[in-house]
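Here is the structure we will look at.
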Amino acid sequence: MANNSGHVSSAVANADNSSAALQNCGAERQGRIRAQQALRKVANSNDSNNSYPLAPIAITWSCFSQVALIFVIRNGTPRQPLIVPLARACLVFDPTRVPPASLEGLEGYSHCWIIRLSSKYES
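This is how it looks when you write it as structure tokens:
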């Protein structure tokens with residue numbers, strides 16, 4: 001009988017821990033949503049002090065997009081090149097913002113990372 005009550009106590013403790021973990025996940029998600037909403041509100045305001053002093057430096061054409069994009073939306077492009085080995089994209093730099101000398105020697109590499117800054121976040 002004592003063994004059975006220990007099992008029940010253990011099950012109750014596990015249920016309490018699971019419930020607390022779910023509440024923590026829910027609270028974290030709500031916090032992220034509030035942060036994204038606040039960021040979107042600031043980004044959409046017309047105050048120039050709240051914006052990034054950046055302008056697009058390139059346009060990308062991809063097999064995943066129908067038109068040229070200036071990095072304004074997320075397309076769900078795969079990040080694992082082995083999954084879609086024949087996928088190709090073309091990155092066209094604005095020569096007034098990216099001097100050709102900054103790309104010298106790039107052809108010596110097999111891969112390059114493109115880091116993108118999004119001004120708006122999508123859920």
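full-length UniProt numbering numbers the first residue of the sequence shown as 1 and each following residue consecutively. Think of the CB as a built atom: it goes at the ideal place given N, C-alpha and C, for glycine as much as any other residue. These numbers were taken from a predicted model, which means no experiment stands behind them.
Item, Value
"Just verifying my parser: in three-state terms, what is the DSSP assignment at CYS25?", "helix"
"Is ILE57 closer than 7 Å to ARG97 when the C-beta atoms are compared?", "yes"
"Taking the straight line between their C-alpha atoms, what separation do you get for CYS90 and ARG40?", "29 Å"
"Which of helix, strand or coil does DSSP assign to LEU106?", "helix"
"Quick check: is the beta carbon of ALA89 nearer than 7 Å to any beta carbon in chain C?", "Among the chains of the structure shown, chain C does not appear; only one protein chain is present."
"Using a Cβ-Cβ cut-off of 6 Å (strictly less than) and excluding sequence neighbours within five positions of GLU104, which residues of its own chain qualify?", "none"
"Alpha carbon to alpha carbon, how far is GLU107 from ARG88?", "16 Å"
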